[in-house]
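Residue numbers (our numbering): 388 to 1403.
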């Protein structure tokens, strides 16, 4: 028996030793941490390089490591806020006793190893604010003891794993600020212990079910900045007695608000940036713990309930960009903790309750774009010591600006523009040392003396960036002290202020200026050479004055200058020869002066110029053949000068030219045949010269030519009879005695055999019969051949489809207000995501469409820039044409050609309008031509991104024009995105292409529109 017993004891000892060797221990933890160290590629503090080493030092003494006293195993690992770069190895899954894992605020990347799901003791998991990517592992649902999960602010993709609902003890789930997709799993909201949920800015979509808000323990819900949509049920918030924070902002929720009166513990409520409508319920007054309330950028309407005055703990109240109306409740004055009060862009009227000006905690007041009247209290500055921003522009306020405003010494922004304020501009404004913006434009303000000492006082505002005083009655002389204004000053608008005297040379001290506008005043003297010191200047407007002397060559130092307007003065001498140094110049207007000598050759080297106007001067000499270098030139006006010689043939190379005027010069020779290559030309005036020879037949190909004046020359031969010549009258050809043609042109008829007549019966046949036959064949075959033609001919559209831009003109904001009757609702054509479109009529009778950007909408500035960039680079008969833009600090608008027949949507879905088969086919061709041009007709491909029937406009001849480029994408040759905007509205989208919109998607959209047209 002894031998067997000894054998059994030896057997069990061996088995125990083997089992002990296989059991995880502190050495296992050490190896796991060393593996992590090996995966760290950058350690800014060198803690791990020096401290984590395979020496006699215990793992439990390593930086960031905590061991449990019972098992002597790694229990917690904290590497947060260190700036580490690296990846997470799967070995971390061997830290089997780990309870807390925190590596937040580093730069770890890669995916989360699924081996971390082995950490079954884990209660705290924080990988937030890193650069992790890939999908969130579904295996994380096996961490059943987890209480707090932070994966926010990374680059995770895919959907939220429904398996997370298996973690029944979960209290906090933070997945916000990622690149997730899909819907929110309803199972998540079955975790009864959940207290905080952060899913904001994660690109989640879908509706929200009332089941989502049945967890009574919830304290924080963050779902903002997603693509969630739909209405919210009436009683959705009835079971959240502990809710303190609720954000569903920047989504697409609609309908009326649910009942919110039971959320009595709520301190912050964010509902902004949705499509909620209806009246604001009076029960909002029950939320007496509320400190922050964001309701802006919705469609709320009606009066503001007086119960809002019960929210006495409120610090921020945002109601802007809604349809509220009526009086501002006096109860707002009860909110004695209020710091921000923003009701901009609504329909409030009446006087401003004086109680608002008694809230001493107020930092920001925003009431721009309402119908408020009355005056400001004389003591407002005394009772608002903390006020930083005051926005009261575009109202009907009157009275004087109170001197006490200077007591609000923290003010940084003051905007009182577009009101009826009168009296003196307070000199006390100069006491506001933190002031950055002062906008008093379009009022009836004056100054105390013609010396304009106000500028001396404002020189104390050392942080001033924008100063706008235009359209007031300054009626004085610019003082030298204007040069003492802040070196931070970027914008100085003083147009139409009745300024007199000379421009002080000290203005050259304002080295930070980007825009200087002194237009339409009574200034005399010379253009100061010191303006050449303003190296940051982008816009210079001195037009409409009585300036004399020469144009200083120092202006050539302004390499950043984009626009130079010196027109309508008494300037004389030469145009500076150094102008080719002004490489950023896009528009130059020197018209209506007394300039002499030749146009310098250096001008033609400014290859990015879009507009040149030297009209009504005394310029002489020939027109240089180097003009062909200005490939993007659109407007050239050299009329009323003394230019001589032949018109160079190279003018025909200006393919983008829309307006050309050489009238009233001394030009001679013939009209170049190359003029027929000016495919974008819309306006041509060659009158009052000594031109001879025949009118080139090539001009018949200028399909978009609307105005032609060849009168008072020595032209001969037959007047062309096709193309645009069908629309011209006798006034286009007056005083050319050797011309012959139709009787309506009031010239002698061309006799048969007359050498002036070159037409034959055969040419008539070719001219009339063949095009008719060709058109019939085209109509019958185009629909069938379109797709195959696209495959076999991947080339740019013919230049003949290019459409000229309407002549650029300068239009002020006041002119647009007058044109639309104050932006009356009767003139409103429609509203979009980034603004509204109005119909207007300018003083000269021109009908226009005005797109007013809503600058409060996120992305509106970018949308405006993208649309300007697109529209300035394209010309096509089937694209909407821009007339001009009007842009300043707080107002941005596009002025477009008015389309009297509305949009295609109206014609497709209205019982009062009907499209015949030929019209439908023409519209289909028009849209296709526009897309072809956008994709292949310019050096950079343009993808529309929002094509739909409502964005296809019809002119008086039912020609289709594609519009609305605010969310367009510009692609380079490699299809890399140069500019883009998030889709404002969804047009027709190809399935599965929301994230990578391409040219092929536009073809899909085009097919859908064609199907709606019922062509096939």
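Note that the Cβ used here is the ideal one computed from N, Cα and C, for glycine as well.
Here the structure is a predicted model, which is why all the values come from computation and not from measurement.
Looking at the backbone, the Cα of residue 971 and that of residue 1087 are separated by about 36 Å. DSSP links residue 985 through a beta bridge to 1007.
Taking residue 1096 as reference, the option from 1076, 549 and 490 with the minimal CA-CA separation is 1076. In this structure, residue 827 sits near residue 856, with a CB-CB distance shorter than 8 Å.
For residue 1123, same chain residues with a beta-carbon under 8 Å away, outside a window of 5 residues either side, are 1097, 1098, 1099, 1100, 1101, 1102, 1103 and 1134 in chain order. Per the C-alpha coordinates, the member of 875, 905 and 842 positioned closest to residue 850 is 875. Taking every protein chain shown into account, the CB of residue 902 has 16 or more other CB atoms within 10 angstroms, so this residue is buried.
In this chain, residue 882 is not harboured by any beta strand (DSSP E), its DSSP state being neither H nor E. Collapsing the DSSP output to three states places residue 657 in a strand.
If you draw a straight line from the Cα of residue 466 to the Cα of residue 772, it is about 45 Å long. Taking the Cα positions, residue 647 is about 24 Å away from residue 558. Its chain contains 616 as the residues whose beta carbon lies nearer than 6 Å to that of residue 639, once the 5 sequence neighbours on both sides are disregarded; these appear in chain order.
By the Cβ rule, the stretch 559 to 578 counts as touching the stretch 592 to 604, because three or more pairs are nearer than 8 Å. Per the coordinates, the alpha-carbon of residue 1221 lies some 47 Å from the alpha-carbon of residue 1083. Annotation for residue 519: the continuous beta strand (DSSP E) segment containing it runs 518 to 522. The Cβ atoms of residue 1281 and residue 1238 sit closer than 8 Å to each other. No Cβ-Cβ contact shorter than 8 Å links residue 739 with residue 774. Residue 880 counts as buried, since no fewer than 16 other beta carbons sit within 10 angstroms of its beta carbon. By the Cβ rule, the stretch 486 to 503 counts as touching the stretch 460 to 474, because three or more pairs are nearer than 8 Å.
One thing to note: residue 833 has its Cβ within 8 Å of the Cβ of residue 860. Scanning 1028, 1113, 577 and 990 for the CA closest to the CA of residue 1003 turns up 1028. Exclusion of the five residues before and after residue 1215 leaves 1223 and 1225 as the residues of its chain whose Cβ lies within less than 7 Å of its Cβ. With contacts defined by Cβ atoms closer than 8 Å, residue 741 and residue 759 do not form a contacting pair. Secondary structure of residue 1266 (DSSP, three-state): strand.
Rounded to the nearest whole angstrom, the CA to CA distance from residue 1228 to residue 1093 is 20 Å. Between residue 793 and residue 762, the C-beta spacing is not below 8 Å. Note on residue 686: under 16 other CB atoms within 10 angstroms of its CB, so exposed under the neighbour-count rule. If you draw a straight line from the Cα of residue 996 to the Cα of residue 428, it comes to about 51 Å. When rounded, the separation of the alpha-carbon atoms in residue 1320 and residue 1343 is 22 Å. CA-CA distance, residue 715 to residue 696, rounds to 11 Å. Ranking 708, 698, 954 and 706 by CA distance to the CA of residue 723 puts 698 first. According to the DSSP secondary-structure assignment, residue 496 is paired through a beta bridge with 518. Taking every protein chain shown into account, the CB of residue 1296 has fewer than 16 other CB atoms within 10 angstroms, so this residue is exposed. Residue pairing by DSSP puts residue 1030 in a beta bridge opposite 1008. Measuring C-alpha to C-alpha distances from residue 915 to each of 909, 925 and 896 identifies 896 as the nearest.
If you draw a 10 Å sphere on the C-beta of residue 644, you find 16 or more other C-beta atoms in it, and that means buried.
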